[in-house]
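Step one of this worksheet: look at the structure below.
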Amino acid sequence: MEPTTPRTSYRLASEAGIELSNVLGELGDSLSSIILSTLTDKYAEVQSSCLALAGQTNTQLALASGDEEYQKAATEVIREMSAAVTALVTAFTAFLKNPAAAASKRAFTDAAQTVGMGVDKLLLTVDQSSSRRIVNLVKEALVASKAIGESALTSSGASMAAAKVAAEKNELLSEMVWKVGTGTPDGQKRVILLQGLAALKEACPELDRAAYIASKNPENDDDLVNATTKLAGAYRILLQGANIQRSSYLTSTWDRVEQGANQIYESLRLGEDLLSRSRQLAASALNSDGDDFTDLAKKVAGLALELVKQGQAIIEKAQDPVARQAIEEALYRIRSLCTEVIGKAQALQKNPTDERLKREVMAKAHRLANAGGNAQARDQAASKLQELTGQLVVDADAISKQPGNAAPPNQIKAIAAEIKGSGDAMVAAAKAGQSTSAPHGQLIGKIQQLHTACNLPAFKGPSAVSNAPAAPAHVATGEESELIAAAREQAGVALALADQVESTAGGNPQTQRTIAQLREAAQRVIQAAHEAAARLGDSEAHRVLADAQRDLAVAIRAVVDSHGATRGNRAVTDAMSAMDNATGVTPTASGAAKNVLNTANDTITAIDKAVANTRPTPEQALTSSKEVSEHARLLSKLLREMAANADPAIKAQLIEFAKIVNDRAVQVKILTAVTAAAGDVKTDQVRHALEGLRRTVKDVVNLLCAASLKQQLKNTQVQTEAIKKVLAALQHSG
C-alpha cells in the first residue's frame, strides 16, 4: 500500500532517497569542478569547490533520518568520506605547488578515486540499513497481527484493540517497504519488496474482516486461520527481499548476457533447422501424397513462426532504427513466404499430380529457406552480446572490490574476462554463419563460475532448447497483436453496419457514397493499426491510428444521417453520442508525457554525442558529462512530477525510473571526474556508464509508448462497443 502521509519519525535513508541523490549529484559537481579547474589552470575556483565537496560529506545525510541505527552507520561512512576529501585537498595542494611532478598528480588521482569509492559505500550503507529496519518492522507487525487472532476468540473489544495496534504496525511497515522498494538500487530487492507490499495490501483487510467475524462467532474461525496464513506469506516475501544484501546489478548484467547469447544461439539453430526442413519440403513436393508432406509443411510453418518470435524479441531491444527496419522487413518476408508455402502445400495435397504446383512449392520453400537465415536479427543480437560482455567486465571489477566474495578479486576479474572471450568467439561464429554451440556452452559455464565466485544464488542456466512445435496451417500468417485484432473487430462491426444500412437504403445515391466512404475508412483503421503495432516507439503512427478511428466515426455518422428512416430515433441518437465520446487521448499525447519524451530524447542525443567522441580531451569529457547530467536530472524531475498524477499501473515504475536515471547520471559525472583527474578519459568505464544511462532512458521511452499502446487498445475496444450499440439500434429500428 502506498503511503499517503509519511511518518517523520521513520524518515530513513530510503525515504530521503531523492535528498541523497541530490547531495551526491552536488558532490559530483564539486569533484568535476576541482578536476576541471586543475586542467584549465583556473586555480582560483578550486578552494570553493573543495569547501563545497567537504560540506556535502558532512552529517547532513545522517541527520536527514530519524533512525539512530542508520545515523550511526551513515555517519561512520561519511566520516571516512570527509577524511578522503581532506586527503584530496591535501593532494591537490601538493599538486598545485609542483604540477609537473608525476608523483603529485598520481597522489591527487588516487585521492579522487577514493572519494568516488566512498560514494558507492555510502549508497550500499543506505540500502543495508533500510533493509534491517524492514526486518524489525516485520517482526513487530507479526506479533501485533498474531494478537488479533488470539484476541478474536476472547472478546470483540479485545479484538478491535488488537486490530488497531496491528493496523498501525502494518502501516509503518508498508510505508518503509514502499520507500525502500522504490528507492533501492538493487533491482532484485525492488521487485521482491514491491511484490510483498502488494500481498500485504491484500492480506491486511482480509485479516480484519475475518477477526471481526470470529469475534462474533468463535466457532467460525476458518477465515481467520486462512487470513493469518496469507498475511504470514506476505511477511515472508518482505523478509526475503529485505535480506538481499548484495547488489544485483551484476546479476542483471549476467542475465542480459545470457539472453543475448541465447538469442544468437536460438536464431542460428532455428535458421539452420528451417533451412533443412524447407529443403526437405521442396524435395518431398515431388512425392506429395500421404500425411508426411502435410506434417512437414506444418513443421516448416512452426519453425518460421518461432524464428519470427525470436526476431521480434531482438527488435524490442534494438536501438538502431536502420537495423530495426531491416529486421522487420526480413520478418515480414518470412511471414509472407510461410503463408505462401502453406497455401501451395495445401493446394498440392488436393492435386498431387499438378506439376506446376510442385514447382511453385519447391520455389517457395527454397526462398523461405534463404530468408530463414535472418542475418540482420543475428547481427543485431551479436552486437548486443558484445556490448553486454564488455559491461560485465566493468561490473565484475566493481563487485570484486566488495566484501563477501568467495574468490579473490583477481580470480573474479579473470573469469569475467573469459566470459568476454567466449562472447567474442560466439559473435565471430555467428557473423561467419558457423555453429555457436561450443562458445555458447563455454559462456554459460563461465557465468556459473562467476556466480559461485561472487557468492550469489545458484545460476539456473538456459532451459533446454526444444524442437519448434508443429503449427496448424491457419496460423501461418503470424500472430496478430491485440491492437490489430481489436482494430479488425472495430472495422468488422463498422462494415456490418454498412451492410445493414445498404440492405435497407434502396438505391439512394448519397447513402451509397457514404457507405463506400465508410468501407474505405474501415480499411484505413486496419492499416493504421498494423503500423502502430509495428512502430511502438513512433508517436506519429499512433496519432495516425487515432485519426483513422475518428474518421471512421465520422463516416459512420454520415451513413446513419443519410439513412432517412433513422431520423428521430432516440436509441440511434444515444448510441451515436456514445460513439462520438469514445475517442480517447493516449498517454503520450498528454503534456507531461510529451515533456518527458522530449527530455528523454535530448538526454539520448547528449549521450550519443559524448560516446561518439572517442578521443575527448579531459575538458571535453567533463563538459559532455555536465550536459548529460543536466538533461538526466531534468528527466528525473519530470518523471517524479508525472508520477504524481499517473495511472497506478505505471506510477511505481515512473518513480523507480526517476531514481535510477538520477543515480546513473551521478555515476557518469563522478566516473568522468575521476578519470579526467587521471588524464585518461578514454576508458571503458565512462563509456559503459553512459551506455547504461542510455538504456535506462530508452526503457523510460518504451514504458510510455507501451502505456500509450495499452490505452489505444482500450480506446479501440470502447469505440467498438459503441459502434455495436449503433448497429443494434439500427437493426432494431429496421
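Going by UniProt numbering, the first residue of the sequence shown is number 1, and it counts up by one from there.
Cβ atoms here follow ideal geometry from the backbone N, Cα and C, with glycine treated the same way.
Bear in mind the structure is a predicted one, so any value in this text is a computation, not a measurement.
State the start and end residues of the unbroken alpha helix (DSSP H) segment that holds residue i.
i	result
T614	First-last for T614: undefined, no H or E at that position.
N351	From DSSP, N351 is part of no alpha helix (DSSP H); its letter is neither H nor E.
A242	D222 to A242
D499	E482 to T504
A578	R570 to D580
Would you mind sorting residue i into buried or exposed? The rule is 16 or more other CB atoms within 10 Å of its CB.
i	result
A396	buried
R513	exposed
A203	buried
H440	buried
D663	buried
K659	buried
H631	buried
R694	buried
V697	buried
K164	exposed
V138	buried
A548	buried
N170	buried
R687	buried
S503	exposed
V46	Note on V46: pLDDT 47, under 50, position unreliable in the model; the coordinate value appears next. Buried is the call here.
V225	exposed
A111	buried
A438	exposed
R190	buried
Comparing alpha-carbon positions, which option in the options lies nearest residue i?
i	options	result
E418	P409, Q195, L450 and L197	L450
L703	I655, Q731, E691 and V718	I655
R133	A158, A147, V177 and K97	V177
Q667	G692, N581 and K637	G692
K609	S624, N598, A102 and D223	S624
I670	K626, V700 and M579	K626
I526	E482, K189, Q510 and M579	E482
S215	A158, K139 and I192	A158
T182	V697, Q685, R640 and T675	R640
A162	E150, D602 and A111	E150
D602	V501, V628 and A612	V628
H530	T511, N508, A486 and T339	A486
Q712	T228, A532 and P205	A532
Q653	D699, A453 and A83	D699
A425	L690, I515, Q386 and G445	Q386
L239	A227, H563 and L193	L193
Q685	Q517, G390, K420 and E721	G390
A234	K201, D223 and D208	K201
Could you compute how far the alpha carbon of residue i sits from the alpha carbon of residue j?
i	j	result
A593	M642	7 angstroms
M160	K230	20 angstroms
L497	R488	14 angstroms
V493	T716	12 angstroms
S708	L545	12 angstroms
R236	A416	34 angstroms
Q719	A729	15 angstroms
A144	S400	42 angstroms
R359	G343	14 angstroms
A199	A606	41 angstroms
V661	R633	8 angstroms
H732	N569	10 angstroms
I213	A232	20 angstroms
P408	L392	17 angstroms
Q500	K714	26 angstroms
V560	P205	51 angstroms
A541	R550	14 angstroms
A103	L88	14 angstroms
A211	K637	44 angstroms
V611	A91	31 angstroms
S131	I412	27 angstroms
E721	A571	15 angstroms
Between the stretch 571 to 582 and the stretch 721 to 730, do three or more beta carbon pairs fall short of 8 angstroms? yes
Any contact of the stretch 610 to 618 with the stretch 633 to 652, i.e. 3+ C-beta pairs under 8 angstroms? no
Quick test of the definition: if touching needs 3 or more C-beta pairs under 8 angstroms, does the stretch 520 to 530 touch the stretch 547 to 563? yes
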